[in-house]
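Chemist: Throughout the sequence shown, residue numbering follows my numbering, covering 1 to 404 in sequence.
Cβ coordinates follow ideal geometry from the N, Cα and C atoms, glycine included.
Would you mind keeping the following structure in view while I ask a few things?
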Amino acid sequence: MRNQRAKAVNTLSTTIRTAAPASAVTAGLIAVLVGVTSSAAIVFTAARAAGADAREVASWMLALGVGMGVTCIGLSLRYRAPVITAWSTPGAALLVSGLHGVTMAQAVGAFLVSAALIVLSGLTGWFERIMGRIPVPLAAGLLAGVLVQFGTGLFRSMNDHFAVVFALFATYLLGRRLLPRYAIVLALAVGVAVAAGQGSLRPGLVHFALAEPVFTAPAFSWQVIVSVALPLFVVTMASQNLPGVAVLRGDGYGRVPVSPLITWTGTTNLLLAPFGCFGLNLAAITAAICTGREAHEDSDRRYLAGVWAGLFYLCVGVFGGTVSSLLTALPTALILGIAGLGLLGTIANSLSSALSDETFREAAVVTFLATASGVTLLGIGSAFWGLLAGALTLLVTRGLRRAP
């Protein structure tokens, strides 16, 4: 009897070590923590920009969490590679300015159009060809222009809440030096502690709640499609899926086919859009946590990190009501500060990419400035006009240089 028990215990222990190695579970958890803490505030702000109430914000979190969880688990198991998906953080930042004055139904319509374009790109193999038409510096300038308000917001918020935001910033810098993988999490923890000490934290608003799906029937407006759906599609593909593919290939997973990944993330996005899923894509920063040696010494076993990340994302989605109430309890300065810190790396990379090629530098700067200006013409937001201004600059200046 003892031998049977011992054998059963050994079998269970072996199964756990095989299915849940500590390094893979930790990598998946860190990827989710970094992804959520660094950008959930932006998603929350984007939902509020569309007029979402508390139930609808929770529904957004549920749809995004389920979408990321299902795609992480399914694609990682299918291709035996750590395929990590994420919500489009730059896309959420774009929505913050693009959804003002837009109804929730029109926002959902834009989500559907963007997702349909992503599915079409994956099914037809247009991804590489379409994105090849847009010079990378211009796409990077567009992204930097969209995100710059969050970077400057980090420091603007010091005017009225210096102690909280400076504590965030100082902790982040120390974390980047000593524990770079945990810098955002540490900064958030210190910011919450300082806010609590000042009395600006509102713990009474936090409540345990399961998220419930809220269906919104879509409405389609050509102005919203042009100013929101198309820029969301471009930003998601150029600034999220491209780096996501680069991370997979850079860590030795070039065997994973790209088109099916794009197709499945787009399809999942399409199905969940009426519940608030605005953009799913391949992750880059959080994916790098799961594709490296820290996730597992054996590269063939790192797909388990993707599976565990998916499980943790499902938890985030199911408890979306709790997440949204937690964000409501945090002071606005803390949310703006952590969002700015979470986007510092993306802004830096975007500016570097935008200015790296002298041939496209001027056009990229024009794209950046026009997008950052927030100009709105004919009801169409600055992201579209920024890209158009950059393309026009490129066309004219390069054409003139080619002339004798």
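#1: Taking the C-alpha atoms as reference points, what is the distance between residue 24 and residue 223?
#2: Residues in its own chain within less than 6 Å of residue 122 by CB, not counting five upstream and five downstream?
#3: Would you list, in sequence order, the uninterrupted beta strand (DSSP E) runs of no fewer than 3 residues that lie entirely inside the region 133-188?
#4: Beta-carbon separation of residue 410 and residue 247 under 7 Å?
#5: Which term fits residue 396, buried or exposed, when burial requires 16 or more other beta carbons within 10 angstroms of its beta carbon?
#6: Give me the Cα-Cα distance between residue 22 and residue 355, rounded to the nearest whole angstrom.
#7: When the Cα atoms are used, what is the spatial distance from residue 120 to residue 333?
#8: If you draw a straight line from the alpha carbon of residue 84 to that of residue 194, how long is it in whole angstroms?
#9: Are the beta-carbon atoms of residue 151 and residue 364 separated by less than 7 Å?
#10: Taking just the CA atoms, how far does residue 357 sit from residue 256?
#11: Reducing DSSP to helix, strand and coil, say where residue 50 ends up.
#12: What residue does the beta strand (DSSP E) around residue 86 start on, and which one ends it?
#13: If you run the structure through DSSP and keep just helix, strand and coil, what is residue 282?
#14: Whole alpha helix (DSSP H) runs in the region 210-298 with 4 or more residues, listed along the chain?
#15: Provide the residue span of the alpha helix (DSSP H) that contains residue 108, from first to last.
#16: Going by C-alpha distance, which of 72, 228, 198 and 393 is nearest residue 162?
Modeler: Considering the structure as presented:
#1: For the pair residue 24 and residue 223, the Cα-to-Cα distance works out to about 45 Å.
#2: Spatial neighbours of residue 122 in its own chain (CB-CB distance under 6 Å, excluding positions within 5 residues in sequence) are listed in chain order as 259, 262, 263 and 266.
#3: Within the region 133-188, no run of beta strand (DSSP E) reaches 3 residues while sitting entirely inside it.
#4: As displayed, the chain neither begins before 1 nor continues past 404, which places residue 410 out of reach and without an answer.
#5: Per the 10 Å Cβ criterion, exposed.
#6: So the alpha carbons of these two residues sit roughly 41 Å apart.
#7: Going by the C-alpha atoms only, they are around 40 Å apart.
#8: Each residue's Cα considered, the two are about 33 Å apart.
#9: Annotated as distal: residue 151 and residue 364, with beta-carbon spacing of 7 Å or more.
#10: Residue 256 and residue 357: Cα-Cα distance of roughly 30 Å.
#11: Of the three classes helix, strand and coil, the one that applies to residue 50 here is coil, per DSSP.
#12: Note, residue 86: beta strand (DSSP E), 85-87.
#13: It is a strand residue.
#14: As summarised for the region 210-298, the continuous alpha helix (DSSP H) elements at least 4 residues long and confined to that stretch are 230-236, 242-250, 258-272 and 285-291, given in chain order.
#15: 104-124 is the extent of the alpha helix (DSSP H) around residue 108.
#16: Checking every option, the nearest Cα to that of residue 162 belongs to 198.
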